[in-house]
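One structure is given below, encoded as C-alpha coordinates.
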Amino acid sequence: MKQGPLASCRYGAWAALAALWLAAAPAAAAANDPGALRVWTRSSNDGRKTYDAIAAAFTAKTGIRVEYFNAT
82 MKQGPLASCR
92 YGAWAALAAL
102 WLAAAPAAAA
112 ANDPGALRVW
122 TRSSNDGRKT
132 YDAIAAAFTA
142 KTGIRVEYFN
152 AT
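Per this note's numbering, the very first residue in the sequence shown carries number 82; after that it's consecutive.
Here it is as C-alpha coordinates:
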(Lines of atoms letter the chains of each structure in order from A; the text may use other names.)
(Lines give C-alpha, C1' and ligand atoms only; values in the text may rest on other atoms or scores of the structure.)
Protein backbone atom coordinates (compact mmCIF):
# COMPACT_ATOMS: atom_id res chain seq x y z
CA MET A 82 0.00 0.00 0.00
CA LYS A 83 1.39 3.38 -1.00
CA GLN A 84 1.69 5.93 1.81
CA GLY A 85 1.24 9.65 1.41
CA PRO A 86 3.26 12.39 3.09
CA LEU A 87 0.83 12.62 6.02
CA ALA A 88 1.25 8.95 6.87
CA SER A 89 5.03 9.35 6.85
CA CYS A 90 4.75 12.41 9.10
CA ARG A 91 2.53 10.45 11.48
CA TYR A 92 5.11 7.68 11.80
CA GLY A 93 7.80 10.28 12.43
CA ALA A 94 5.63 11.87 15.10
CA TRP A 95 5.18 8.52 16.85
CA ALA A 96 8.92 7.90 16.68
CA ALA A 97 9.56 11.30 18.24
CA LEU A 98 7.02 10.57 20.97
CA ALA A 99 8.77 7.28 21.70
CA ALA A 100 12.05 9.18 21.97
CA LEU A 101 10.40 11.51 24.48
CA TRP A 102 9.43 8.54 26.63
CA LEU A 103 12.92 7.06 26.48
CA ALA A 104 14.56 10.36 27.39
CA ALA A 105 12.15 11.29 30.19
CA ALA A 106 14.07 10.23 33.29
CA PRO A 107 17.58 11.60 32.64
CA ALA A 108 16.41 14.74 30.86
CA ALA A 109 13.86 15.66 33.52
CA ALA A 110 16.51 15.47 36.23
CA ALA A 111 18.60 18.15 34.52
CA ALA A 112 15.78 20.54 33.61
CA ASN A 113 15.18 23.97 35.14
CA ASP A 114 11.64 22.86 35.94
CA PRO A 115 12.08 19.60 37.88
CA GLY A 116 8.82 18.28 36.45
CA ALA A 117 9.66 19.14 32.83
CA LEU A 118 11.24 17.02 30.15
CA ARG A 119 14.06 18.80 28.25
CA VAL A 120 14.42 17.69 24.66
CA TRP A 121 17.29 18.68 22.37
CA THR A 122 16.27 19.32 18.76
CA ARG A 123 17.94 20.33 15.57
CA SER A 124 15.08 21.41 13.39
CA SER A 125 13.65 24.05 11.09
CA ASN A 126 10.59 26.13 11.93
CA ASP A 127 8.37 23.55 10.20
CA GLY A 128 9.92 20.79 12.27
CA ARG A 129 9.37 22.82 15.41
CA LYS A 130 5.63 22.96 14.69
CA THR A 131 5.58 19.16 14.57
CA TYR A 132 7.55 18.87 17.81
CA ASP A 133 5.21 21.36 19.51
CA ALA A 134 2.18 19.29 18.47
CA ILE A 135 3.81 16.11 19.78
CA ALA A 136 4.77 17.84 23.03
CA ALA A 137 1.23 19.13 23.53
CA ALA A 138 -0.17 15.62 23.11
CA PHE A 139 2.49 14.20 25.44
CA THR A 140 1.74 16.85 28.10
CA ALA A 141 -2.02 16.28 27.79
CA LYS A 142 -1.57 12.53 28.28
CA THR A 143 1.10 12.54 31.01
CA GLY A 144 0.97 15.97 32.65
CA ILE A 145 4.72 16.33 32.03
CA ARG A 146 5.71 19.62 30.39
CA VAL A 147 8.23 19.48 27.54
CA GLU A 148 10.99 22.10 27.15
CA TYR A 149 12.73 22.15 23.77
CA PHE A 150 16.16 23.58 23.22
CA ASN A 151 17.69 23.92 19.80
CA ALA A 152 21.29 23.22 18.88
CA THR A 153 22.24 26.12 16.66
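The beta-carbon is built from N, C-alpha and C at its ideal position, and this holds for glycine as well.
Here the structure is a predicted model, which is why all the values come from computation and not from measurement.
Query, Result
"Is it true that the CB of G116 sits closer than 8 Å to the CB of I145?", "yes"
"To the nearest angstrom, report how far apart T143 and A137 are at their CA atoms.", "10 Å"
"Based on the DSSP output, what are the partners of Y149 in its beta bridges?", "V120"
"Closer than 8 Å by C-beta to A106: which residues in its own chain qualify, once you throw out the five before and the five after it? Chain order, please.", "Note on A106: pLDDT 49, under 50, position unreliable in the model; no value is reported."
"May I ask you to report which of helix, strand or coil DSSP gives G93?", "helix"
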